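Protein chains in written order, with UniProt numbering: chain A, 1 to 433; chain B, 1 to 433.
Structure (structure tokens):
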């Protein structure tokens, strides 16, 4: 049952991802037609710089007026790959109003204000698909929304930012410092000229918000996600991790509380054991663990960014949305029925690895141990060693048992006030055990 | 938009998987209702032994007449977890005729005669979903059918049978022999009393047929899959693998030919480098690599069998099928438009690791090398060593470059005929490099 009127697609943005989407739509037109059940036609491409030569794209399709394009009324699907909050949000909601479904790769917008988009899609009976927004080509949104729809997800734990993973991998394997590793990432194109969104964890936090919302069938916004970047991770942290049989990764962690009544979402660097599969995720790759009540532990691994992988995810969504359109149906919309509250970071139960510079004299360990006890934090191991320079200072490395983050940070605050504690060299959470 | 008339589900089979499906349908009824948009109700359970006590299932639902159950006419979805070819095939097609969509975990039937099922579903406008048929809870069918629908899959390479992976893992890590490892697998419940389907590779071959068909949008039947089991893998093979920096895994490999005009599907033990992520898949876990033109290399990992994981996959499909039913739509059906032929094993391009027992005298290596050259097989490395017992024999280990499997097996046949070759101790393919 093949119909001949083509489905019309408008492309908003024609950068690295958009141009690859347009290219594959042309080179694989026959495959797409067979898989959808109707041809798809690129009906317009909105760009900022119309003069730029774009190989393989008919110049007549190029426009700078994205709003007019999404308002045309004959567009079946809008692919939004411009990113950012505005004008993306206005364009997407306008597209819904004028009859189009939307495929988006816009993690920032979905994390900031996914509800507006979901509600607009629902109101007008359109699809909103966004596999490409999290972890590039790795199928993750669809498995969570659909494959695990009959299960209860308890935890999502993953490396969802390739830039920071590349930097930490270089610090680990080449012993590079943070700045040096960042420079290498920039030179190789893994980091942008302004790397803030990546290294400060904003990108990963947006993805954590999206994943948590879908995994737990609730609403989680970017502001709900505790966020720490990797700019303060040092070579010494990597060395300490090695001594523990660990490495350091920037993790996005979404958890359902043990009582099931709340959830948490956070992004921060953490030590994980070398035996954990995430420890061996190298360079700019992404990998995400999903723990579900019936399914057990699943892992999804692949390239988390880049033009081609992201285009693959966009085109998979395009096929689904077009098929829905032909069937007169829509795919799964927002599922936020649990309305679970998002608890603050202080409620998260985790472990700390703390390096202290202390005075090298008797009684210090007892003093330090007392502070932990007063805050209800139980100590797992302590390593104490005098400095090689014999300067009257020693270093103390404490690894705690699991405790609420608030108790742990309260402990650190109190430790800083001790006369015998000269400084807190590093604090890092330990995960994945 | 919540409707109150429940969707009616018939369960065929109430063993390890079926009982877990029934249990979760009861304990998580509210979640399923919210995610589907209507309640689902277990309307009948067909079993062979009706007298058996089944906790949590209303005895009034139990029947031995599966045919009458699927013919009732008020059933929305039939879940088939009885396995085997008949009566499963007849029950599924009858279910389609009488108005039901089907969720199945039946890999043997899908590999043997998926076409009959697909065609019946299509003819009656029903859904046929079967995520649980391959790799248990690991979302694999849906990512291949939907997430990668806009991409071109070139290769699927995976560990899809937990029993054999457990056995090979034990042989590798504990130095156990095959029989000993099989006994342990049986004792722990990883192997069935009659382990033939697993250890001879039939189970993995069925999964390879299903995966190849979906990945390449063509039809691949069980008979098209080259199949070798693990019963002839020895401790010596594992030891040889270790010397090469490899381990031995039973792999399912589906490949598109370099010219894109044919495909191959095969299951056999193979050496893979320890650095390959599949090498570290332990115990009864499954993992599958998918290589696609745009997406690059993706990996999916998780528990490949067991009641709960399989039930998770079944219930994910149940939610999707129920949602389709409510929308008056169907999900993706068979996509076999490429009609790519399946080439025989002889056309597969791979590498061999061959251990020969040879006479310990000059000229043997030259003779052996000549045989390889005559068959157009280029040698990568040769290791030659005299036996410790000085009995006039030596062993020769040859690793080839990539060559067609027919040339490789022709070489081995010719080697066997050489006077100086006393025996071929082992032949194993080398993959994943």
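Glycine included, C-beta positions come from ideal geometry on N, C-alpha and C. In this text the structure is predicted, and so the values were computed from the model without any measurement.
- prompt: DSSP state of residue 161 of chain B, grouped into three classes?
  reply: coil
- prompt: Along chain A, in chain order, which residues have C-beta atoms closer than 8 Å to that of residue 28 of chain B?
  reply: 150 and 152
- prompt: Which residue from B/35, B/154 and B/4 puts its Cα closest to that of residue 324 of chain B?
  reply: B/35
- request: Determine which residues of the region 324 to 357 of chain B have a Cβ less than 9 Å from any Cβ of chain A, and write them out in chain order.
  value: 324, 327, 328, 329, 330, 331, 332, 335, 337 and 338
Option in A/230, A/357 and A/350 with minimal Cα separation from residue 380 of chain A: A/350
query: What's the C-alpha gap between residue 352 of chain B and residue 404 of chain B?
result: 10 Å
query: Any idea what DSSP makes of residue 26 of chain A, helix, strand or coil?
result: helix
task: Return the residue from the list A/376, A/407 and A/418 that minimises the CA-CA distance to residue 368 of chain A.
output: A/418
query: Which whole runs of the alpha helix (DSSP H) in the UniProt domain "ACT" (353 to 429) of chain A are 4 residues long or more, in chain order?
result: 364 to 374 and 405 to 417
message: Can you give me the C-alpha to C-alpha distance between residue 365 of chain B and residue 393 of chain B, rounded to a whole angstrom?
response: 13 Å
field: C-alpha gap between residue 331 of chain A and residue 56 of chain A, whole angstroms
entry: 31 Å
task: Closer than 7 Å by C-beta to residue 218 of chain B: which residues in its own chain qualify, once you throw out the five before and the five after it? Chain order, please.
output: 263, 336, 338, 339 and 340
field: Chain-ordered neighbours of residue 142 of chain A on chain B, where CB pairs are closer than 9 Å
entry: 139, 142, 143, 146 and 147
query: Which residues in chain B sit within 9 Å of residue 303 of chain A, going by Cβ to Cβ distance?
result: 295, 296, 297 and 298
- prompt: Going by Cα to Cα distance, which pick from B/224, B/235 and B/274 is closest to residue 255 of chain B?
  reply: B/224
- request: Would you decide whether residue 152 of chain B is buried or exposed? Buried here means 16 or more other CB atoms lie within 10 Å of its CB.
  value: buried
- prompt: Should residue 348 of chain A go down as buried or exposed, given a rule of 16 or more other Cβ atoms within 10 Å for buried?
  reply: buried
- request: Measure from the alpha carbon of residue 424 of chain A to the alpha carbon of each residue in A/327, A/60, A/359 and A/221, then state which is nearest.
  value: A/359
message: Measuring straight from C-alpha to C-alpha, what distance separates residue 112 of chain A and residue 354 of chain A?
response: 33 Å
message: Please give me, in chain order, every unbroken run of the alpha helix (DSSP H) with length at least 4 that falls completely inside the region 259 to 331 of chain B.
response: 307 to 327
- request: Kindly give me the distance between the Cβ atoms of residue 517 of chain A and residue 206 of chain A, rounded to whole angstroms, as I take these residues to be in contact under 8 Å.
  value: The structure shown has nothing for residue 517 of chain A, since chain A only spans 1 to 433.
message: Run through chain B and tell me which residues come within less than 7 Å of residue 131 of chain A, C-beta to C-beta.
response: 147
field: the region 242 to 266 of chain B: positions lying closer than 8 Å to chain A by Cβ
entry: none
query: So what's residue 189 of chain B in DSSP terms, helix, strand or just coil?
result: coil
- request: Report the option in A/378, A/420, A/95 and A/409 whose CA atom is closest to the CA atom of residue 396 of chain A.
  value: A/420
task: Return the residue from the list B/68, B/144, B/309 and B/279 that minimises the CA-CA distance to residue 18 of chain B.
output: B/309
message: According to DSSP, simplified to helix, strand and coil, what is residue 89 of chain A?
response: helix
query: Should residue 320 of chain A be flagged as near chain B, meaning a C-beta pair shorter than 7 Å?
result: yes
message: Please tell me whether, using a cut-off of 6 Å, the distance from the CB of residue 41 of chain B to the nearest non-hydrogen atom of the ligand MG is below it.
response: Judged by which ligands are present, the structure shown has none, so any question about the ligand MG falls away.
- request: Starting from residue 35 of chain A, find everything on chain B with Cβ-Cβ shorter than 7 Å and list it in chain order.
  value: 149 and 335
- prompt: Taking the C-alpha atoms as reference points, what is the distance between residue 119 of chain B and residue 73 of chain B?
  reply: 20 Å
- request: Look at the alpha carbon of residue 8 of chain B and the alpha carbon of residue 70 of chain B, and state the distance between them as a whole number of angstroms.
  value: 11 Å
- prompt: Which term fits residue 226 of chain A, buried or exposed, when burial requires 16 or more other beta carbons within 10 angstroms of its beta carbon?
  reply: buried
- prompt: Under a three-way DSSP split, which group does residue 124 of chain A fall into?
  reply: helix
- prompt: What residues in its chain sit with their C-beta under 7 Å from that of residue 91 of chain A, if we drop five residues either side in the sequence?
  reply: 12, 66, 67, 70 and 80
field: Beta-carbon neighbours of residue 15 of chain A, restricted to chain B and to distances below 9 Å
entry: The contacting residues do not exist; residue 15 of chain A stays about 16 Å from chain B at best.
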